[in-house]
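Participant:
In UniProt numbering, the protein residues as written are 1 to 677.
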């Protein structure tokens, strides 16, 4: 459920900004499990990290990496200060060959806030047994999965990351089965219908669906590989309600300068120009490497580095001296770039914090510069637009499901995975709540969060350091949601405003910070662009506080109790007031035909998210998102608990990385050829 979904892949980063190659030898830890090996699959043909996919030319390299059960990973040093930042993305992926999930690897310092607020009390909870500790209110899980109870790859969860992984595996001619506990696919991006109103449960501010080619959005590249597309409506503005003013903010190279002149100061105008001049030369590097070319093993040298060397060189030239010397900053917090430019205007600092928060749920001191540079390049270039899928965010899920089924993949709804089965030290399948065993001949891929995945595993098969790492990873806070269906007819000034736009952003106070609870409300009225989402003459609305709602306020409450209902009314009031501000004085909450309030307990219950969390709280410049391997051979992870991180483009990329890594380099390269990248 990312708030602003642009064509970004750089959600993760390196703990060290140094550049160049330096081989570092790290012995594999065997605590509690002598079979654990950091690469763990060099001696298997069909698993992540297998150099046997790479061809004879890589045999010596592979033997270097597997000798004496030791792990080697690439750490960036000062040797190549002018190396392309796009290559840094590649090197970061190489470093992420599963190592961050393994014992013996120092866990990066967690951040204090992601998606707003994170505190020492905001740590995950775990059940005492192997099953997940939450349940959802849907039809009873099926006792058996239709068809054969096995597949090459079993994917747990049908979020965007899991569906992208499954779709590409099906495209690679692998037998893949997706198991979803809910009776609707999509995870945090699913849509649901009540009384003829079709609601988005999560993200609604997107861009890049129509992009194609090497620089396309990761999700767009996956859809292209599956032969699917998503019809979209395009627009270029949203309403902003900040302490200084209310105005229609347009993306593009010059429009925002007019807003600054009117609502800020001439100094703010000059600082904004200075910022754009400094970061736009870096944008070529941020777009040089196609997301779909990345894989989680040494084959990435062939599918990415060698294949795109000309474009990498071109981007290096286009960056010029200023961009080349500034390239290392892309792996640091964006606030450091602003500090180096001595940008002090309060409006500019607050606005950039808001953009960072809309993009990744953190302020400028918590977001990678690469993400912001990419966003600036996409939002402030001539002719840029935002997109909304006609038929809602569920259209994204429908397209992915069609793609999976088109290539022979299967999806089983109402199939709650209770346990991941480990036999002889390897993940061999899953057990459903009804008792059925589903065998995975090649791999199990979990699209659940790291905490929920841990709850599915037998603890005696895991190193203590791995368990401790997951349990102590701070979490982002949760959400409050408000879904409304109401009359859209405009007959006089007392009705809902006639010029209603699709998106509205309300900031109550700058002083508290955009990541403070009850301070920022995002509102989407998608029926403005896609009228079929509501009955004729009606509108559908989704408002939410984006990852700023503390779970501890709700912990232990009975959802049927008067106390719970009272708290819902109190904590939802900030959203109601924001909606009334956005829709105008003619809006009457009492006349809404549909009124639904969601809480962190709703998030936990329906999305199967531990404590209703948005994802891991990992601070830019201090840590990286975990890789996709686990201490259990043949068990891999994708989604927002893994590299590249949180957000629709990032989770799509994570699913693609796992899928690419489970097939040969030859198959991977053929797919890149087929889609023209």
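All C-beta atoms in this analysis are idealised placements derived from N, C-alpha and C, irrespective of residue type, glycine included.
Give me the Cβ distance between residue 639 and residue 447, rounded to the nearest whole Å; I'm assuming they're in contact under 8 Å.
Facilitator: Right, the Cβ-Cβ distance comes to about 5 Å (below 8 Å), so this counts as a contact.
Participant: Between which two residues does the beta strand (DSSP E) holding residue 250 run?
Facilitator: Start and end: 245-250.
Participant: Give the DSSP-derived three-state secondary structure of residue 510 in the structure shown.
Facilitator: Here residue 510 sits in coil by DSSP.
Participant: Below 7 Å CB to CB, which residues in the same chain sit around residue 210 once its five sequence neighbours on both sides are set aside?
Facilitator: Correct list, in chain order: 232 and 387.
Participant: Quick one, which of 425, 616 and 313 has its alpha-carbon nearest residue 472's?
Facilitator: Of the candidates 425, 616 and 313, the one whose C-alpha sits nearest the C-alpha of residue 472 is 616.
Participant: Using a 10 Å radius around the Cβ and a threshold of 16 neighbouring Cβ atoms, would you call residue 141 buried or exposed?
Facilitator: Model confidence at residue 141 stands at a pLDDT of 48, short of 50, so the residue's coordinates are unreliable and nothing is read from them.
Participant: With three or more C-beta pairs closer than 8 Å as the rule, is the segment 550-566 touching the segment 149-169?
Facilitator: Verdict: no, contact absent.
Participant: Could you spell out where the alpha helix (DSSP H) holding residue 680 opens and where it closes?
Facilitator: The structure shown does not extend to residue 680, since the chain is modelled only from 1 through 677, so no value can be given for it.
Participant: Taking only the alpha-carbon atoms, compute the straight-line gap between residue 661 and residue 655 and give it to the nearest angstrom.
Facilitator: The straight-line gap from Cα to Cα measures roughly 10 Å.
Participant: Mapping DSSP to helix, strand and coil, what is residue 151?
Facilitator: Reduced to three states, the DSSP call for residue 151 is strand.
Participant: Straight-line CA distance for residue 249 to residue 191?
Facilitator: Taking the straight line from one Cα to the other gives about 28 Å.
Participant: Unbroken alpha helix (DSSP H) runs of length 4 or more, entirely within the segment 398-457: which are they?
Facilitator: Here the runs fully enclosed are 450-455.
Participant: Taking the runs of the beta strand (DSSP E) that are 3 residues or longer, which of them lie wholly in the segment 594-659?
Facilitator: Counting whole runs of 3 or more residues, the segment 594-659 contains the beta strand (DSSP E) stretches 594-598 and 635-637.
Participant: Name the two residues that bound the continuous alpha helix (DSSP H) containing residue 256.
Facilitator: That run of the alpha helix (DSSP H) goes 255-263.
Participant: Ends of the beta strand (DSSP E) at residue 668?
Facilitator: It is not in any beta strand (DSSP E) - residue 668 instead sits in the alpha helix (DSSP H) that spans 665-674.
Participant: Would you mind reading off the limits of the alpha helix (DSSP H) that contains residue 197?
Facilitator: Taken as a continuous stretch (DSSP letters only), residue 197 belongs to no alpha helix (DSSP H), being part of the beta strand (DSSP E) at 197-200.
Participant: Say whether the segment 430-442 touches the segment 467-481, bearing in mind that this needs 3 or more beta-carbon pairs closer than 8 Å, one atom from each stretch.
Facilitator: Contact fails: fewer than three Cβ-Cβ distances are below 8 Å.
Participant: Grab the span of the alpha helix (DSSP H) containing residue 172 for me, first residue to last.
Facilitator: Neither: residue 172 is in no alpha helix (DSSP H) and is coded neither H nor E.
Participant: Can you tell me whether residue 531 is helix, strand or coil according to DSSP?
Facilitator: Reduced to three states, the DSSP call for residue 531 is helix.
Participant: Just confirm the distance between the C-beta atoms of residue 328 and residue 510, as a whole number of angstroms; I'd bet it's less than 8 Å.
Facilitator: Not really, about 31 Å apart at Cβ, beyond 8 Å.
Participant: Got a sec? Which residues, its chain only, sit under 7 Å from residue 603 by beta carbon, not counting five neighbours each side?
Facilitator: Closer than 7 Å at the Cβ level, and outside the excluded window around residue 603, lie 478, 479, 609 and 612.
Participant: Taking only the alpha-carbon atoms, compute the straight-line gap between residue 451 and residue 463 and give it to the nearest angstrom.
Facilitator: Cα to Cα, residue 451 sits roughly 15 Å from residue 463.
Participant: So the candidates are 362, 576 and 312; which of them puts its Cα closest to the Cα of residue 542?
Facilitator: Of 362, 576 and 312, the residue nearest in Cα terms is 576.
Participant: In chain order, what residues of the same chain lie with their CB nearer than 6 Å to the CB of residue 175, ignoring the 5 residues before and after it?
Facilitator: Here the set comprises 151 and 152.
Participant: Quick one: is residue 512 buried, meaning 16 or more other Cβ sit within 10 Å of its Cβ, or exposed?
Facilitator: Label assigned to residue 512: exposed.
Participant: Return the first residue and the last residue of the alpha helix (DSSP H) that residue 525 is part of.
Facilitator: Taken as a continuous stretch (DSSP letters only), residue 525 belongs to no alpha helix (DSSP H), as it is neither H nor E.
Participant: What is the rounded straight-line gap between the Cα of residue 376 and the Cα of residue 363?
Facilitator: For residue 376 and residue 363, the distance between alpha carbons rounds to 15 Å.
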